[in-house]
Amino acid sequence: MRDTDLNRSGSPGIRAVDVFPEFMPIAFDVVDPTLNVEYEALSVVGAGVLYAINIHTDDAVTAISRYIMITIDGELIYGYSPSEAGADVWYWLNNVLGALSQVSKTAGETLYLPFKESLVITGKFTAQVTAGKKLFVDGYYGDV
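Per this note's numbering, the sequence shown starts with residue 1, numbered consecutively.
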């Protein structure tokens, strides 16, 4: 994160550190994930914001539904892909809590899902992947 003065007039101004949040990566994978088992990709206690989340596999031949479950301050929301083969990345699309989210192969706008107490992200598949293949959950979160 840069600590650069954005006001070029020479007077104190807004610094980049004051404007841009620090993004921390979510990078989870598991080899040979078990059918319908939820794998915890992230668990955070405290306040922050979820900025991006996606799920994918490197198994391009097995028809799989990919589920992302997000629990924010004790409230569960989830989204899932249709059952299809492919190693495409599926992105979480909406900023609404309390409703089934959309996931899509096309990335949408940056998320802004704030949490005050806790954030837990899990992922699962509804079919057994080919031996040696992985479940991936990736994204970014950070401070408010």
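Glycine included, each C-beta is placed from N, C-alpha and C at the ideal position.
Item, Value
"First and last residue of the uninterrupted beta strand (DSSP E) at residue 49", "48-57"
"Cα-Cα separation, residue 133 to residue 30", "8 Å"
"N-terminal and C-terminal residue of the beta strand (DSSP E) that residue 71 is part of", "66-72"
"Residue from 22, 61, 113 with nearest C-alpha to residue 75", "113"
"CB of residue 35 within 8 Å of CB of residue 125, strictly", "yes"
"Residue 93 versus residue 48 - alpha carbon distance", "19 Å"
"C-beta contact flag for residue 131 and residue 62 at 8 Å", "no"
"Helix, strand or coil at residue 84 according to DSSP, with G and I counted as helix", "strand"
"Proximal residues to residue 81 (C-beta, below 7 Å), its chain only, five neighbours per side dropped", "65, 66, 90, 103"
"Residue 45 to residue 28 span [Cα, whole Å]", "18 Å"
"Inter-residue spacing [alpha-carbon to alpha-carbon] between residue 87 and residue 59", "6 Å"
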